[in-house]
Amino acid sequence: MKAVERIAQHYLLKQLPTATALVGVDGILVDASDSWLHTFGLCSKDAIGILVYDLFMGYNTDCGKSLRECLGKSTAQTCRFKKGDGSSEVWYENTFTPWYDERENLIGSIIQAQNITEEIKKEKELNRMINLLSTKSEVAKVGCWEYNINTEQLFWCDETKKIHKVPASYTPNVNEAISFYKQGYSRNKISMLFHKAMEKGIPFNEKLVIITDNGEERWVRVSGKPIEQNGEVVKLFGTFQDIHEQVLSELQTKQSQQLLTTLIDNIPMNVFIKDTDSRKILVNKAECDYLGKSHEELIGTTDFDTFDKESAKISVHEDLEVMRTQKPMIGKETLCVKKNGETTHFLTSKIPLFDLDGKVNGLIGISMDITGLKKKEDQMRNLINVTSLQNKKLINFAHIVSHNLRSHSANFSMLLKFLANEEDETEKERIVGMLSNASNNLMETLEDLNQIVDINTNVNLEKKPINLHQNITKIQKNLSAFLEKHKLEVENNVPENLEIQSIPAYLDSIILNLMTNAVKYRSLDRKLTIVLSAKKHGRGTIFSFSDNGLGIDLEKYGNKLFGMYKTFHNNKEARGLGLYIIKNQIEAMGGSITVSSEVDKGTTFNVYFNEEDK
Amino acid sequence: MCILMKKISSIFIVDDDPITVFGIRKMLKPVALCDDVQIFQNGKEALDALLKRMDSGGDIPEVIFLDINMPIMDGWDFLEEIMDLELKEKIIINMITSSIDPLDHQKWNEAKAKCLHILNFKNKPIFKIEPTDLDCIHLAS
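Residue numbers (the working numbering), protein chains in the order written: chain A, 1 to 614; chain B, 1 to 141.
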């Protein structure tokens, strides 16, 4: 019966899926399941009766307990055994349970073995991962946190605590965690984000400022991600990173960039940066405004896209020279012509731009618009020219005045001296007569001078449009008696609709003087004919006055012709004033007069009416 | 008053101002003895007369009073013409002007250096004819 029972027991045991063995208190294997025996590479008939210590010979425990200590104990024991090393190692977890007989006598141990190699591997992997994670978070200064909504428990990893400068033993809660954030924006923001993540499941990632436990302000990046279960947020998990240094350097970079941008954009000069192909890679506001294009439109363009061909050629050549020679071009006066023909004068500097290896990779250009200055300079130069011309005229006039007045006063002095020493009465009377002549001459001279001064001082007399043809006809009529007397023929070829800008009185004086001049210096050999013509010339008009009179040797007298009191013919009527006066009148109106002549053929005067003041 | 009457064969006065001419003649009277004083309105007239005298072997003027500002041919132009003439005797030329233009004075200096004749520069008013205006010998002393 006992044997039958034993065999039945034996079969039952043999088939157990869990590796199970029965060992007596003496350590002798009483029975075992096939699965148990299989782990030792045994079959049942060899195994029964052997000492289990021998079987466990190649095994190590990890708990420090020996097999002997585990066997035959009245309490259950667990021990892990390892066989082999490295990749071939196999782990078993053995449970030693006390084995009693019917009378509750301890007769041995029931050993149950479980292959836990996979679990051990996973455990090791997990440890490795945890290690890795903590190292990583330590190196990257990235910490993590976790909040359980149900238990209201907040977990901080070591790194997170380190960033907060709290001891490892510190246990955080939500309120305290939030109060670490700097009052104001940071604290309000994190409260809001945390709330939103909990209530609405919205993740966040934000740069904020905390004040650490030792009172230091630091920038951190905090992120949070809700973890849902059955559509409900149960946990928040997030990272926590110290980014103080990055933010500071970022801030510094931003500040210096801001400074540079503000400077470049607001400087009242055109600033641009070009690459080695002379393409613009940066332009400032002034440059955009000047070219009338947006920043985006200008990037990548060359001067050929914005200026006319000639300007662009010169400018690009400068660019390439600066980059080739690596020598800056400083303060060069340049002329830029835009595609629409608009010209601008610039004071341009081009400076080669080096990369970190010292190689030229472009240039910085700075141009200042000096068109206004240029214009002023031109105006000034004009003014200087006009002034020096006026000055010359004044000096000339002063000499004329002094000469003419002096000659009279000299005569007075001389005659008076004679008078004082003269005793003869008739001679005295003669001297007095001469004195009165001298006085008349002086009066006449003063009147002449006055006339000249009038012309040169009344520069503000207004010019009016005058029909030249009609004006000539009018003067002809006024002079009709004079003209008839000298049998003068006037050919008025001036176009009937031609108008000129002139001061009326001056125009009359010019025509009158030229006419009387022609009569005075007519040739007695032929009938005097005067031909008048006019045509538009640029913005002004040329009025030509030709006669067939005596003519004048211009080589001899050309430079004196328009001088005061210069006469060149033996003519009693000549006073040497007419041409001087009309020259002054024409110049006062901004015009000029020229002469061409051939002796005994005739003379042609060309009067240029400059009609700027329309 | 005057130490010696200088005898002069011929004098030219070239000036278009009758008062100056009158003055010169009047001032000449007490210092010079001359039967041949000729008046000209301008340089051209004087030059023509001079050339005529040279042709006909007449008296070449010993002294010329020459105005600068005159019509047709002024004093400077007259001087240019005189310089080119082949004359055996030196002429004393007194340039008379009321001009205080420094350019005239400069021109005179240049002309004096070039001219073989004796060139004096007299600014108006003139009150007296100096011996040097009539005699080159006095210049040397």
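Positions of the beta carbon are idealized from the N, C-alpha and C atoms, including for glycine.
Burial state of residue i, where buried means 16 or more other Cβ atoms lie within 10 Å
| i | result |
| --- | --- |
| A546 of chain A | Inspection of the sequence shows that residue 546 of chain A is occupied by Ser rather than by Ala. Answer is buried; the Cβ neighbour count reaches 16. |
| M192 of chain A | exposed |
| K44 of chain B | buried |
| A312 of chain A | buried |
| A3 of chain A | Unreliable positioning characterises A3 of chain A in this predicted model, as indicated by a pLDDT of 48, which lies under 50. The coordinate reading is nonetheless provided below. It counts as exposed. |
| M83 of chain B | exposed |
| F127 of chain B | exposed |
| N105 of chain A | exposed |
| L383 of chain A | exposed |
| F354 of chain A | exposed |
| C70 of chain A | buried |
| N284 of chain A | buried |
| M323 of chain A | buried |
| E199 of chain A | exposed |
Integer Cβ distance of residue i from residue j, believed to fall under 8 Å
| i | j | result |
| --- | --- | --- |
| L468 of chain A | I500 of chain A | 5 Å |
| A19 of chain A | S35 of chain A | 4 Å |
| V247 of chain A | K207 of chain A | 7 Å |
| V271 of chain A | E250 of chain A | Between E250 of chain A and V271 of chain A the Cβ distance is about 25 Å, and since that is not below 8 Å, they are no contact. |
| F346 of chain A | M380 of chain A | So it is not a contact: roughly 20 Å between Cβ atoms. |
| S544 of chain A | N606 of chain A | 5 Å |
DSSP bridge partner residues for residue i (one or two, in chain order)
| i | result |
| --- | --- |
| L106 of chain A | A:Y100 |
| H345 of chain A | A:L335 |
| L66 of chain B | B:V14 and B:M95 |
| Q77 of chain A | A:F96 |
| E491 of chain A | A:V531 |
| I39 of chain B | B:I13 |
| S35 of chain A | Paired residue(s): none; S35 of chain A is not in a bridge. |
Residue i vs residue j beta-carbon contact at 8 Å
| i | j | result |
| --- | --- | --- |
| L66 of chain B | G75 of chain B | yes |
| Q112 of chain A | N127 of chain A | no |
| D104 of chain B | I68 of chain B | yes |
| I692 of chain A | G372 of chain A | In the structure as shown, chain A starts at 1 and stops at 614, and residue 692 of chain A therefore has no counterpart that could be examined. |
| R522 of chain A | L514 of chain A | no |
| S137 of chain A | E123 of chain A | no |
| M329 of chain A | K359 of chain A | no |
| A168 of chain A | L154 of chain A | no |
| T348 of chain A | T334 of chain A | yes |
| D448 of chain A | L577 of chain A | yes |
| N60 of chain A | F81 of chain A | yes |
| I190 of chain A | V222 of chain A | yes |
| N404 of chain A | T445 of chain A | yes |
| L134 of chain B | I92 of chain B | yes |
| V139 of chain A | T117 of chain A | no |
| D600 of chain A | L550 of chain A | yes |
| I39 of chain B | V21 of chain B | yes |
| F609 of chain A | K583 of chain A | no |
| F307 of chain A | K327 of chain A | no |
| N215 of chain A | K225 of chain A | In the sequence under discussion, the amino acid at residue 215 of chain A is Gly, which differs from the Asn named in the question. No, these two residues do not count as a Cβ contact at 8 Å. |
Within-8 Å CB hit, residue i to chain B
| i | result |
| --- | --- |
| R522 of chain A | no |
| H345 of chain A | no |
| F562 of chain A | no |
| F397 of chain A | no |
| K392 of chain A | no |
| S439 of chain A | no |
| M443 of chain A | no |
| L479 of chain A | no |
| K417 of chain A | yes |
| G576 of chain A | yes |
| A420 of chain A | no |
| N411 of chain A | yes |
| S388 of chain A | no |
| K614 of chain A | Unreliable positioning characterises K614 of chain A in this predicted model, as indicated by a pLDDT of 43, which lies under 50. The coordinate reading is nonetheless provided below. Closer than 8 Å: no. |
Any C-beta of chain A under 8 Å from that of residue i
| i | result |
| --- | --- |
| K107 of chain B | no |
| P30 of chain B | no |
| G23 of chain B | yes |
| N69 of chain B | yes |
| A140 of chain B | The predicted model places A140 of chain B with a pLDDT of 39, which falls under 50 and marks its position as unreliable; any figure quoted below should be read in that light. No, A140 of chain B does not count as interfacial toward chain A. |
| D101 of chain B | yes |
| F127 of chain B | yes |
| I39 of chain B | no |
| T20 of chain B | yes |
| D48 of chain B | no |
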